Amino acid sequence: MKVYISADIEGIAGISHWDEATIGQPGYEAFREQMTRAVIAACEGSLAAGATQITVKDAHDSGRNLIPERLPEPVQLIRGWSGHPYCMVQELDRSYDALLLIGYHARAGSAANPLAHTYTTEVSQIRLNGQAIAEFHLVSLTAAYEGVPVVFVAGDAEVCAEAKAYDAQIETVVTHKGMGQSVIAPHPQQVLRAIRQGVEGSLRRLPAYRPRPLPDHFQLEVDYKDPARAYRKSFYPGCRWIADSTVRLEVSEWFEVLRALEFIVLT
């Protein structure tokens, strides 16, 4: 069994301030450690379920947060960013049996996590077919595009609820609940045990998983915090400037959504 793990930090248990998610800032090392431990727990659960190959994508900020030598030896680690539109699931393809998401978080515009955002803090909301979306939705649809099921999500309470709404087959572990600029979290060890057990269970149930189909049309809308940025990005091929701070793109191919996001949101 070949498993892919995508790891972020804003949904790691207890994290509550941007300083704790930013290299060189107070608190970062503690949560870098906690992020690494969460990924180790996911790897251990994967191995217990019979995984023979594991790829981990460090998918936060610089892509250089996880401590490589702490990960189990079967792991292949992707650090940094290639610029490929698959972004947080770079190199994911049909050869993988399952995708696991660790440390995922609430979408831009949500009050459910003090660090809520989608890809960048420069946008106030990203919508797909009229629904405000999180990074979870982007990577899940990319996985569906490649025929790979998302079977496990660990993150804040909102992203876990979003995951269940998207596909009730997904196993979730809530790492904390946001309240204003605070979070309420279980003990980290309790979360790590739940991740390890949840991953193993979700992978053992993999034969019963039923794939979720992709939509046949995509309407992407991005609301920027800066109207001037919206105007500039409207010149991306196919984009229209539909309001002071909003651009819209309509396509029938999922990869075209990802390609657009690489240029109108990530750069």
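This note's numbering numbers the first residue of the sequence shown as 3 and each following residue consecutively. Heads up, the beta-carbon is just placed ideally off N, CA and C, and yes, glycines get one too. As the structure is a computational prediction, the values presented were derived from the model and not from experiment.
(1) In the DSSP assignment, the beta strand (DSSP E) including T174 goes from what residue to what residue?
(2) Taking all protein chains shown into account, do 16 or more other C-beta atoms lie within 10 angstroms of the C-beta of F257, making it buried, or fewer, making it exposed?
(3) Kindly indicate which three-state DSSP category V253 falls into: helix, strand or coil?
(4) For the segment 75-92 against the segment 186-193, do three or more pairs of beta-carbon atoms, one drawn from each stretch, fall closer than 8 Å, so that the two count as touching?
(5) Measure the C-alpha to C-alpha separation of L73 and R66 and round it to an integer number of angstroms.
(6) Any contact of the segment 102-122 with the segment 140-160, i.e. 3+ C-beta pairs under 8 Å?
(7) With a threshold of 16 other CB atoms inside 10 Å of the CB of R34, please say whether the residue is buried or exposed.
(8) Would you report the Cα separation of A170 and G52, rounded to the nearest angstrom?
(9) State the CB to CB distance for the pair E173 and A136, rounded to an integer number of angstroms; the pair is presumed to be in contact (CB under 8 Å).
(10) So, with DSSP's three-state summary, where would you put R109?
(11) Count Cβ pairs between the segment 36-52 and the segment 230-237 that sit closer than 8 Å; are there 3 or more?
(12) According to DSSP, what are the bridge partners of E223?
(13) Using beta-carbon positions only, say whether A95 and A61 come within less than 7 Å of one another.
The structure says:
(1) One-based indexing of the sequence shown puts residue 174 at position 172. Run containing T174: 173-176, per the beta strand (DSSP E) assignment.
(2) As a first step, residue 257 must be located in the sequence shown, where it is residue number 255. Exposed.
(3) In the sequence shown, residue 253 corresponds to position 251, counting from 1. In the three-state scheme derived from DSSP, where H, G and I count as helix and E and B as strand, V253 is classed as strand.
(4) The answer is no - the segment 186-193 does not touch the segment 75-92, with fewer than three Cβ pairs under 8 Å.
(5) Taking the first residue of the sequence shown as position 1, residue 73 is located at position 71. Taking the first residue of the sequence shown as position 1, residue 66 is located at position 64. Between L73 and R66, the alpha-carbon positions lie close to 14 Å from each other.
(6) Touching, per the Cβ criterion.
(7) Your numbering for residue 34 matches position 32 in the sequence shown. When all chains shown are included, R34 counts as buried.
(8) Here residue 170 refers to the residue found at position 168 of the sequence shown. Here residue 52 refers to the residue found at position 50 of the sequence shown. As the crow flies, the alpha-carbon of A170 is around 23 Å from that of G52.
(9) Mapped onto the sequence shown, residue 173 falls at position 171. Mapped onto the sequence shown, residue 136 falls at position 134. Contact flag wrong, Cβ pair sits at about 18 Å.
(10) Translated into the one-based positions of the sequence shown, residue 109 becomes position 107. Secondary structure of R109 (DSSP, three-state): coil.
(11) Three or more beta-carbon pairs separated by less than 8 Å are not found between the segment 36-52 and the segment 230-237, which leaves the two stretches without contact.
(12) Locating residue 223 in the sequence shown gives position 221, counting from the first residue. Answer is R129, R250, bridged to E223.
(13) In the sequence shown, counting from the first residue as 1, residue 95 sits at position 93. In the sequence shown, counting from the first residue as 1, residue 61 sits at position 59. Residue 95 is actually Asp in this sequence, not Ala. Cβ distance not < 7 Å, so D95 and A61 don't count as in contact.
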